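Here the sequence shown is numbered in the working numbering, starting from 13 and rising by one per residue. Report on one structure; see the data block that follows.
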Amino acid sequence: MRPPPRIIPRFRTLPVLAIPVLLGMALSVQSASAQTDPSPETVVVQAGALFDGTGETLRQEVSIVIREGRIDEVRDGIHAPAGARVVDLSEWTVLPGLMDLHTHITSDPTGELAGDPFRSFPGTAALVGARNAHTTLLAGFTTIRNAGAGEFADIALRDAIQRGVVPGPRIYTAGNGLGTTGSHCDRTGFRPDLFPETGIADGVFNGAEEARAATRYQIKYGADLIKTCATAGVMSAGTEIGPAQATFEELQAIVETAAMLDRRVMAHAHGIEGIRNAVRAGVASIDHGAELDDEILAEMRQRGTYLVPTIMAFEYVFQAAEDGTLAPWSAIKAREITPVARESHRRAVAAGVPIAFGTDAGVFPHGTNADEFRLLVEAGMTPAQALLSATREAANLLGILDEAGTVEEGKWGDLVAVRGNPLEDVELLKEVGFVMKDGVIYKEDGLPTLPRR
Ligand SMILES: [Zn+2]
């Protein structure tokens, strides 16, 4: 399998015609980030303990110096370089910024605003997303991989965060998820005259050629990665959850086209046949992965295909089915799939398949993401492995391990902190009290700050 492509700076994706504009734009983006990203001052974070993400243990008393938004120095002992602003976390454990690799950041699980396709405007999802993004950042998640959104609301939100317009995590996002007609990535369950029929621009394809076109279309408008639906889902109407919804050839066309354009592919997949198609087509991750057998687990381990289990999503829909708050057709699927998924995830952990942290936040309230740590431990991971899934392993799956995922010199200044020892109790991650992203502090002593911008 060819090595997975790296995510590249977005300017390189602009068309040649944009070059005159690019020069001016690059300058304005530069000056925007100079105002917002790094504070010009040097900050030293004095950590009582540090889980640096390079191994499975804690280091005691470490000083982390951050300059111009990046980690400049990681030194044993408590130090304070002359002129540095001191952040005293001597009673805390510091960790790399957390990453959730399966979110729906523009979705509104309460349905207050963005849940109604007939009444919400295209801008609504981006605005709701801005609120969700801040909530997610304050929960300690400094980077997310977003599993797609309609009308490029995710791209708008990503760019607004990048330019300092609104606070939020760094977003790697997919644009429209790609699926065949009537699949989980299509809009289903409505009368045909209520919406225009979907096509390539909406991520809906039939056949390998259209799959290539749909991939290129998302990337043209700024997708950092491609999301595809290899099977149905719990929340999509009118389909069984198990059967494959795209052929091997279609998925292979997506993966090849994405790789040519330096993008990776995440596959939503529940049933074994769709999982097999996606793994063999060369996707970077299987997301959800409800039905995994020993053969496919061995293949995933050998290829380095990640599993992003999203256990929270299964537990949430299962509970909602029990509580009677899911539509009956959806509740049937939730009851059927959750016990199967629990068993599959336990097997995947035992088999040593690479696992990256992802929750499906947006199906349930944003900001509760860290509850996944407890569920990963219940599935058999050690607390250290669960923490690594949201740091080093997540960065590796995104292709940004040389910039993030561990606390090491030269990497982005993304740090979080909790009181106590998270290796003894991963539920401490639900109470992150300090958040720094790109060297800017967004939460301190458990309270949101007002970062300069
Ligand atoms: Zn999802």
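The C-beta atom is built at its ideal place from N, Cα and C for all residues, glycine as well. Please read all numbers here as calculations on a predicted model, not as lab measurements.
Residue state for Phe207 is assigned as coil, using DSSP reduced to three classes.
Assigned with DSSP and collapsed to three states, Gly286 falls in helix. Non-local beta-carbon contacts of Arg199 in its own chain, meaning distances under 7 Å to residues more than five positions away in sequence, involve Phe207, Thr210 in chain order. Taking all protein chains shown into account, Asp128 has fewer than 16 neighbouring C-beta atoms within 10 Å of its C-beta and is therefore exposed. Under the 10 Å beta carbon count, Phe369 is surrounded by 16 or more other beta carbons and is classified as buried. Check the Cα spacing between Glu73 and each of Val106, Phe164, Ala94: the tightest is with Val106. In this chain, the alpha helix (DSSP H) harbouring Trp341 covers 340 to 363. Shown here for Gly301: same chain residues with a beta carbon closer than 8 Å to its own, the five before and five after excluded, namely Ala281, His282, Ile287, Leu319, Val320, Pro321, Ala353, Ser356, His357, Ala360 in chain order. When Val452, Gln397, Thr461 are compared, the shortest CA-CA separation from Glu436 is found for Gln397.
Exclusion of Asp112 from the 8 Å shell around ligand 1 follows from its C-beta lying no nearer than that to any non-hydrogen atom of the ligand. Here the alpha carbons of Ala402 and Met312 stand approximately 19 Å from one another. Annotation for Pro108: the continuous beta strand (DSSP E) segment containing it runs 97 to 108. If only complete runs of 3 or more residues are kept, the segment 438 to 464 shows the beta strand (DSSP E) at 446 to 449, 452 to 456, in order along the chain. One Cα belongs to Ala235, the other to Ala94, and the distance between them is close to 43 Å.
Within a 10 Å sphere around the beta-carbon of Gly422 sit fewer than 16 other beta-carbons, which makes this residue exposed. Apart from the 5 residues on each side of it in sequence, Phe326 sits with its Cβ closer than 6 Å to the Cβ of Thr350, Ala353 in its chain, given in chain order. Not one heavy atom of ligand 1 lies closer than 8 Å to the C-beta of His146.
Closest in C-alpha terms to Leu113, from the list Glu443, Glu405, Val438, comes Glu405. For Gly245, the three-state secondary structure derived from DSSP is coil. For the 9 Å CB-CB criterion, Pro179 and Leu149 form a contact.
The chain-ordered list of residues whose CB is nearer than 5 Å to some heavy atom of ligand 1 reads Ala159, Asp372. Taking all protein chains in view, the Cβ of Met272 is surrounded by fewer than 16 other Cβ atoms within 10 Å, so the residue is classified as exposed.
Counting C-beta atoms within 10 angstroms of its own C-beta, Tyr328 has 16 or more neighbours from the protein chains shown and is therefore classed as buried. It is roughly 16 Å from the alpha-carbon of Gly176 to the alpha-carbon of Tyr184. Under the DSSP assignment, Leu62 falls outside any alpha helix (DSSP H), being part of the beta strand (DSSP E) whose first and last residues are 55 to 62. Distance from Ile253 to Ala244 at the Cβ level is roughly 5 Å; contact confirmed, criterion being Cβ atoms closer than 8 Å. Runs of the beta strand (DSSP E) spanning 3 or more residues and lying entirely within the segment 66 to 92 occur at 71 to 79, 82 to 88, in chain order.
Per DSSP, reduced to three states, the secondary structure at Val277 is strand. Out of Phe385, Ala172, Asn188, Ala151, the CA that lies nearest to the CA of Met278 is found in Asn188.
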